[in-house]
Amino acid sequence: MDRRYAVTHFDDVEPTPCPCGEARRAFLAEADGVLSCHRTRIAGDSRVHYHKRLTEVYYILEGSGRVELDGGSFPVRPGSAVLIKPLCRHRAVGDLTAIIVPVPAFDPDDEWFDE
Numbered sequence: 007m008d009r010r011y012a013v014t015h016f017d018d019v020e021p022t023p024c025p026c027g028e029a030r031r032a033f034l035a036e037a038d039g040v041l042s043c044h045r046t047r048i049a050g051d052s053r054v055h056y057h058k059r060l061t062e063v064y065y066i067l068e069g070s071g072r073v074e075l076d077g078g079s080f081p082v083r084p085g086s087a088v089l090i091k092p093l094c095r096h097r098a099v100g101d102l103t104a105i106i107v108p109v110p111a112f113d114p115d116d117e118w119f120d121e
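Counting in the numbering used here, the sequence shown runs from 7 upward without gaps.
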């Protein structure tokens, strides 16, 4: 029988560079690929990007700043949640740590840039 759960500790996950800064990505190896979960430290030089298939939820854990969504700018702080649908150009800006949940699971081939 397949395992119906997964447990991880983000401090045990190696960080990887991403357009937002640095992410620790969990649950990427799950066979069903229903979602992944990332603890992301936002960098000052985060890049505007979008996804053609992924929907993402950003949940701000620490810090304050803003998210840019299709050219608009919205303040965020701990407890803020942001739903980002496919094709929405986005980035986070500020001194922030966020949990990001991509649905389906993150796919590096679905990361797009206009420039």
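Don't be surprised by glycine CBs; every beta carbon is placed ideally from N, CA and C.
Keep in mind the model is a prediction, meaning the values are calculated, not measured.
Item	Value
Close-in-space but distant-in-sequence residues of the same chain around F119 (CB under 6 Å, 5 per side omitted)	H55
C-alpha gap between A15 and D38, whole angstroms	Here residue 15 turns out to be His, not Ala, going by the sequence shown. Whole-angstrom Cα-Cα distance: 20 Å.
Burial state of G27 (16 or more Cβ within 10 Å)	buried
Endpoints, the beta strand (DSSP E) within which D101 is located	96-109
Range covered by the beta strand (DSSP E) that runs through P81	78-82
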